[in-house]
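The numbering of the sequence shown is this note's numbering, which starts it at 4 and goes up by one.
Using N, Cα and C, we set each Cβ at its ideal position, and we do this for glycine too.
Predicted model, so just to flag it, every value in this text is computed and none were measured.
For reference, the structure discussed in these notes is given below.
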Amino acid sequence: MIDVARNMMALGRSAQAEILCKKVLMLRPGDQDALHLLGVITYQAGNRHAARAIYQQLLESNPAHHVIWSNYGVVCLALGDVQEALRCFNRALEISPDFADAWNNLGTAWDTVDPAKAVDCYQKALSIAPERIDICNSLALCYKRQQHLCDAIKWFKKSIDLNPYQFDVHCRLAELLEQAADSLNACLEYKMALALKPDDAVALKMETVLPVVQQSRESIQLSRNSLWNALQVLQRKGLAIETPWERGRVFFYLAYHGQNDRSFHELIAQIYRKASPDLTWLAPHLVNPEKRNLRDKRLKVGFISRFFYNHTIAKLNIGYVEHLNRDRFHVTVLVLPGALPDAMSHRFQAAADTFLLLKGSFHSVREQIAAQHLDILLYTDIGMEPYSYFLAFSRLAPLQCVTWGHPATTGIDTVDYFISHAVCETEESRASYTEKLFCLSAKAACTCYARPTLPKLDSTRAAYGIEDGWNLYYCPQPPFKLHPDFDQVLHGILSRDPNGLVLLLRGVTPGTEQLLWQRWAHLPNTEKNRIRFIDPLPFADYIRMFELADVVLDTPHFSGGNSTVEALAVGAVVVTLPSPFLKGRLTYAWYRRIGITDCIAQSLEEYVQIALQLATDAARREALRQKINQRSHLLFDDVQAVRELEGFFEMSRNGR
4 MIDVARNMMA LGRSAQAEIL CKKVLMLRPG DQDALHLLGV ITYQAGNRHA ARAIYQQLLE
64 SNPAHHVIWS NYGVVCLALG DVQEALRCFN RALEISPDFA DAWNNLGTAW DTVDPAKAVD
124 CYQKALSIAP ERIDICNSLA LCYKRQQHLC DAIKWFKKSI DLNPYQFDVH CRLAELLEQA
184 ADSLNACLEY KMALALKPDD AVALKMETVL PVVQQSRESI QLSRNSLWNA LQVLQRKGLA
244 IETPWERGRV FFYLAYHGQN DRSFHELIAQ IYRKASPDLT WLAPHLVNPE KRNLRDKRLK
304 VGFISRFFYN HTIAKLNIGY VEHLNRDRFH VTVLVLPGAL PDAMSHRFQA AADTFLLLKG
364 SFHSVREQIA AQHLDILLYT DIGMEPYSYF LAFSRLAPLQ CVTWGHPATT GIDTVDYFIS
424 HAVCETEESR ASYTEKLFCL SAKAACTCYA RPTLPKLDST RAAYGIEDGW NLYYCPQPPF
484 KLHPDFDQVL HGILSRDPNG LVLLLRGVTP GTEQLLWQRW AHLPNTEKNR IRFIDPLPFA
544 DYIRMFELAD VVLDTPHFSG GNSTVEALAV GAVVVTLPSP FLKGRLTYAW YRRIGITDCI
604 AQSLEEYVQI ALQLATDAAR REALRQKINQ RSHLLFDDVQ AVRELEGFFE MSRNGR
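Right, dumping it as structure tokens:
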């Protein structure tokens, strides 16, 4: 009978298999095979606590069974008991050191705690069972979460070599190839996925791939024209997309073109809302708002993001959470799935009146937010990852706002206001939002940026492989921020300063660096030889490099935000050229805040001149450093920004 039950399980008929197992147990109470299979069935049915009890019973009578220990560990992991899961998997491996499943499961457990140990476990599992597709995919995903894209790509390719008929793996590989700036092969992988199964979400992705690194202003315009035409075709076609929060895309790289993206984001949002009716959802408490509990007269404000840990978004917003007046506001911090616990996340938790780690399905997350009965929901960023973007299609609070964590309009009609800063906006930029625009005044800082505790290192340039004698120009931005106009800056500096060395950051894969070298092929070797790429630095070294550089180069069209504040905090000299849009005006706004205009250019040529003057005139540079150090305190803990945000919230309390 137990063999019949196993066959039923293999055929997907778990209910019949469960009945047979229970019959066996009635005839032979404690039958190990029947009890073990029942544990598997119970776990797969989602009854995890019941499955745990079954495995505990099994281990009492059979404590040396490696498979039972491993399966028990899987149940513990599903219940969130990581430490017990680790103990179980290690016990299974003590009994059977070459049990690949246990190594794989141990990797899954470590993935949540120590990804480097997870990689070791997955590799050990593959050394035992090199043809295991599931382990290849687990290892690839582990690398992906660590942003080791080349390794992730390698293992997804290995998985496809073992079985080319994996729709989801082709899609994941395509997404990684996009990030790796390999647009051509990304499109090929999307095509392979579509050959296996028609799917509108994948079709949209395939038709809307944007280059990560643009080769010229002309290539930007060609990309935008191609994207616009593709979106119009997709809109006319009419798409049906399920779970876009898992399978949709955000058009992150549009922001780096230096243009008005409003029409694109409006059209994209319209396409997704029509293709995914499930995105449109009204929180139950908003259907009958008069029934709300009015005992607490304070406005209930929610701050929501995935990035409330040691991340730029957290640094830009922790000041608001800590300083909003609690006599007038109740502050809820809502952390989306995927956040990483650390000291900064604990700081948010300590500052919030209510702190929620949102868990479960997308629909469950919406319901958890709705249950807070918020008056105002503030997205600190929309457009950096899909989950918050698609969540914003729902109406979860009477007033929904976004601020400049990603400095671009959302295009979403359920986002009511964009919160910006007067100095960051121009007549041209004000027309680039689908949201109503609220600006903090010029009297306030761009945000209430909490004063950072910065590490102190005394390392020299030699520690970073930089020889003495160079005038060091440092750009701390990733390759996708280097607009083709930046090439004029490079050429201008390197052609006029024979002692100039430009230091740039590598991207997540070699592909972005290769595309930049391709773009700079026209530069003479005497200039190219003085452009160096370095890996992104640990935080203490990143701060130290600001101190070691003679000049920090801001990127035209998409300026530094957080990085500029951290550079100015140590007196670094940052040269900037403000653009017409918020995304290119943040460094300018920070400088205006501290009353220093020496490094603000009005043209690319003036940008080059300022950079050269500061790099080659040590006395002038040092005087400017001292002035920045004397005034940089004005960047931090600005209560005026908090008071103005409070005023906006109260102004909006009676409707949108």
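- [ ] Look at the alpha carbon of W106 and the alpha carbon of D137, and state the distance between them as a whole number of angstroms.
- [x] 12 Å
Open item on the list: Considering just the uninterrupted stretch of the alpha helix (DSSP H) at H69, what are its terminal residues?
Closed with: H69 to A81
TODO: Look at the alpha carbon of F651 and the alpha carbon of I271, and state the distance between them as a whole number of angstroms.
DONE: If I take the Cα positions, the gap works out to 29 Å.
- [ ] Classify Y594 as buried or exposed, calling it buried when 16 or more other Cβ atoms lie within 10 Å of its own Cβ.
- [x] Buried, because 16 or more other Cβ atoms sit within 10 Å of the Cβ of Y594.
TODO: Compute the Euclidean distance between the alpha carbons of K127 and Q149, then round it to the nearest angstrom.
DONE: Each residue's alpha carbon lies about 19 Å from the other.
- [ ] In angstroms with no decimal places, state the Cα-to-Cα distance between W473 and Y591.
- [x] 27 Å
- [ ] Within the same chain, show all residues whose beta-carbon is closer than 7 Å to that of I613, passing over the 5 residues directly before and after it, in chain order.
- [x] These residues qualify, in order along the chain: V578, C602 and A604.
- [ ] Jot down the residue ranges of each uninterrupted beta strand (DSSP E) in the stretch 152 to 234, minimum 3 residues, whole runs only, in chain order.
- [x] none
Task: For H333, the residue or residues it bridges with in DSSP - done: K303
TODO: Please classify N140: does DSSP put it in a helix, a strand, or coil?
DONE: helix
Open item on the list: For a test of the three-state rule: what should DSSP assign to S308, helix, strand or coil?
Closed with: strand
TODO: Select from Q375, N502, S226 and A618 the residue whose C-alpha is nearest the C-alpha of H260.
DONE: Selection Q375, N502, S226 and A618 evaluated against H260 yields S226 as nearest (Cα-Cα).
Open item on the list: Quick check on Y545: does DSSP put it in helix, strand or coil?
Closed with: helix
Task: H400 and I379 closer than 7 Å at C-beta - done: First, the residue type needs correcting, since residue 400 is Ala and not His in the sequence shown. Contact flag set, yes.
Task: Through-space distance from P133 to I163, alpha-carbon basis - done: 13 Å
Task: Simplified DSSP assignment, three categories, for F441 - done: strand
Open item on the list: With H, G and I counted as helix, E and B as strand and the rest as coil, what does DSSP make of C404?
Closed with: strand
Task: Whole-angstrom distance between L82 and N93, CA atom to CA atom - done: Computed Cα separation, rounded: 18 Å.
Task: Strand pairing of F421, partner residues [DSSP] - done: Bridge partners of F421: V405 and L440.
TODO: Quick one: give me the first and last residue of the alpha helix (DSSP H) that V573 is part of.
DONE: From DSSP, V573 is part of no alpha helix (DSSP H); its letter is neither H nor E.
TODO: Classify V236 as helix, strand or coil using the three-state DSSP reduction.
DONE: helix
Open item on the list: By alpha-carbon positions, which one of C174, A88, I321 and N502 ends up nearest to T450?
Closed with: I321
Open item on the list: Measuring alpha carbon to alpha carbon, tell me which residue in N74, L213, V116 and E370 is nearest L96.
Closed with: N74
Task: Residues near A243 by beta carbon distance below 7 Å, same chain, minus five either side - done: Only D203 and A278 meet the Cβ criterion.
Task: Exposed unless 16 or more other CB atoms sit within 10 angstroms - verdict on D185 - done: buried
TODO: Grab me the residues of S348's own chain with a C-beta within less than 6 Å of its C-beta, minus the 5 sequence neighbours each way, in chain order.
DONE: F311 and Y312
- [ ] Answer yes or no: do V611 and I496 have a C-beta to C-beta separation smaller than 7 Å?
- [x] yes
TODO: Can you tell me which of D345, L343, S219 and C442 puts its alpha carbon nearest to the alpha carbon of Q643?
DONE: C442
Task: First through last residue of the beta strand (DSSP E) which encompasses I379 - done: I379 to Y382
- [ ] Taking the CB atoms as reference points, tell me whether R9 and L302 lie closer together than 7 Å.
- [x] no
- [ ] Can you give me the Cβ contacts of K120 inside the same chain, cut-off strictly under 7 Å, excluding the 5 residues immediately before and after it?
- [x] Same-chain partners within the cutoff: W113.
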